[in-house]
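Under our numbering, the residue at position 113 of the sequence shown is numbered 115, and the numbers go up by one with no gaps.
Here the structure comes first, spelled out in structure tokens, and everything after it is commentary.
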Amino acid sequence: MNVKDILLAQLNACHENTWFVSLLHSIDNLTEEQASWKPSETTNSIFEIVRYLNRFKDIPNERNVETNTFRNAEGLTWNDTVKRIENITTEWKNVVEEAEANKLDEMASDLSYLTIHTTYHKGQILYIRKLQGLWETVYKGK
């Protein structure tokens, strides 16, 4: 396996189910009301987490110094937010597929952290869904 293969495998795991649940599958079939639910006011909702992940659209990523990166600054609906993360994860894969080896070497570290970071937040999303009783019914039969 070369660097491109490894990065594509990591990105595919964010985009589609592999041996664990993908980011896109973790947000599938949620309504805006379900995505906006919080177990407490001190935590983030699924909607806020996905909005936050949408900030990482460029590779390599410019660090954002904004203090509240979970807020809905653009006023996007849940459906628009889901479409955006779908487009971003597809674009990440396209960038890697089309990149030359020297460019991949430059991006490898950022991409590796990006996929780990995305997986961390996907775990939060699944936990929130389980708290709501929304995961088991979706997961069965898939």
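All C-beta atoms in this analysis are idealised placements derived from N, C-alpha and C, irrespective of residue type, glycine included.
All figures in this text were calculated on a predicted structure; none of them were measured in a lab.
{"Item": "For residue 79, count the other beta carbons within 10 Å of its own beta carbon; 16 or more makes it buried, fewer makes it exposed. Which is it?", "Value": "exposed"}
{"Item": "Could you name each continuous beta strand (DSSP E) segment of 3 residues or more that falls completely within the segment 101–131, going from the start of the chain to the end?", "Value": "none"}
{"Item": "So which of 53, 116, 105 has the shortest CA-CA distance to residue 82?", "Value": "53"}
{"Item": "Could you check the C-alpha separation between residue 106 and residue 6 for me, to the nearest Å?", "Value": "7 Å"}
{"Item": "How many Å lie between residue 112 and residue 102 at the Cα?", "Value": "16 Å"}
{"Item": "Measure the C-alpha to C-alpha separation of residue 13 and residue 117 and round it to an integer number of angstroms.", "Value": "6 Å"}
{"Item": "Do you know offhand how far residue 131's Cα is from residue 137's?", "Value": "5 Å"}
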